[in-house]
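J.: Here the sequence shown stands for residues 1 to 170, where the numbers follow full-length UniProt numbering.
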Amino acid sequence: MSTAATPLMQMFPSATSSEESSIRQRTTPGSNAGIHGLGRVQLTVKYGPRNNLIIVVHQIENLPKEEDGELPDPYVKLYLLPDRSKDSKRKTDVIKDDCNPKYDERFEYPIPPNELTQRTLEVSVINKKGLLFLQRSPKMGQVRLDCGLLDSSKMTQWYDLAPAADDDEE
Numbered sequence: 001m002s003t004a005a006t007p008l009m010q011m012f013p014s015a016t017s018s019e020e021s022s023i024r025q026r027t028t029p030g031s032n033a034g035i036h037g038l039g040r041v042q043l044t045v046k047y048g049p050r051n052n053l054i055i056v057v058h059q060i061e062n063l064p065k066e067e068d069g070e071l072p073d074p075y076v077k078l079y080l081l082p083d084r085s086k087d088s089k090r091k092t093d094v095i096k097d098d099c100n101p102k103y104d105e106r107f108e109y110p111i112p113p114n115e116l117t118q119r120t121l122e123v124s125v126i127n128k129k130g131l132l133f134l135q136r137s138p139k140m141g142q143v144r145l146d147c148g149l150l151d152s153s154k155m156t157q158w159y160d161l162a163p164a165a166d167d168d169e170e
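1. What's the gap between the Cα of Arg-24 and the Cα of Ile-54?
2. Going by DSSP, which residues form a beta bridge with Ser-152?
3. Going straight from the alpha carbon of Thr-28 to that of Ile-60, what length do you get?
4. Among residues of its own chain, excluding the 5 on either side of Thr-92, which ones have a beta-carbon nearer than 7 Å to its beta-carbon?
5. Using the C-alpha atoms, what's the distance from Leu-149 back to Leu-71?
6. So, with DSSP's three-state summary, where would you put Glu-115?
7. Assuming the contact rule is C-beta atoms closer than 8 Å, Val-45 and Leu-121 should be a hit. Round their C-beta distance to whole Å, please.
8. Less than 8 Å between C-beta atoms, sequence neighbours within five positions excluded: which residues of the same chain meet that for Phe-107?
9. Would you report the Cα separation of Glu-66 and Thr-156, rounded to the nearest angstrom?
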């Protein structure tokens, strides 16, 4: 097993830098609303010494208000794809009436190192605001990170939220 200072990309050298730039939607300095105007999320993503993927959802900034001007009630939902099941789903608490919520919630997925290249972490921001319990809560944006391209020298980063793909079940 490699040390914590070794980039995971060195452990799995099949990834190229062009693949990394297309998968990671990092924010450029000064663009707090993200490239899509949907806000951005700060995450720590690292592979731990006990063969586990560790994700810390720190905060979100500059989420847009709802169409009627109301503040959203956001939470973050994680899936470790391609496994979109209840076992793979993790969720933060809902923060009421906030476009800049702070979470600092930690989640773990047990995963052998040889499976990292086959996994994608999907991070979705959901608005839980005032909907009937039978309706699906709308996704405000999402980020997908290829776990095989994680770089342990840059564990905590901001990621721009992109328009959400509606390919999952609630």
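Just so it is clear, CB atoms sit at the ideal spot from N, CA and C, and this is done for glycine as well.
T.: In terms of the structure at hand:
1. Your numbering for residue 24 matches position 24 in the sequence shown. Your numbering for residue 54 matches position 54 in the sequence shown. The predicted position of Arg-24 is uncertain, since its pLDDT is 42 and thus under 50; a value taken from the coordinates is nonetheless stated next. Taking the Cα positions, Arg-24 is about 17 Å away from Ile-54.
2. The residue given as residue 152 occupies position 152 in the sequence shown. Answer by DSSP bridge pairing: none, since Ser-152 is not bridged.
3. In the sequence shown, counting from the first residue as 1, residue 28 sits at position 28. In the sequence shown, counting from the first residue as 1, residue 60 sits at position 60. Residue placement at Thr-28 cannot be trusted, given a pLDDT of 45 that sits under 50; what the coordinates show is reported in the next sentence. The alpha-carbon separation between Thr-28 and Ile-60 amounts to approximately 15 Å.
4. Numbered from its first residue, the sequence shown carries residue 92 at position 92. Hits under 7 Å: Val-57, Tyr-75, Val-76, Tyr-103 and Glu-105.
5. On the sequence shown, residue 71 is found 71 positions in, with the first residue counted as 1. On the sequence shown, residue 149 is found 149 positions in, with the first residue counted as 1. Cα-Cα distance, rounded: 35 Å.
6. Mapped onto the sequence shown, residue 115 falls at position 115. In the three-state scheme derived from DSSP, where H, G and I count as helix and E and B as strand, Glu-115 is classed as helix.
7. Here residue 45 refers to the residue found at position 45 when the sequence shown is read from its first residue. Here residue 121 refers to the residue found at position 121 when the sequence shown is read from its first residue. With a Cβ gap of about 7 Å, Val-45 and Leu-121 count as contacting.
8. Here residue 107 refers to the residue found at position 107 of the sequence shown. So the list reads Ile-54, Ile-55, Val-56, Val-57, Leu-78 and Arg-90, once near-sequence residues are dropped.
9. As a position in the sequence shown, residue 66 is number 66, starting the count at 1. As a position in the sequence shown, residue 156 is number 156, starting the count at 1. Looking at the backbone, the Cα of Glu-66 and that of Thr-156 are separated by about 28 Å.
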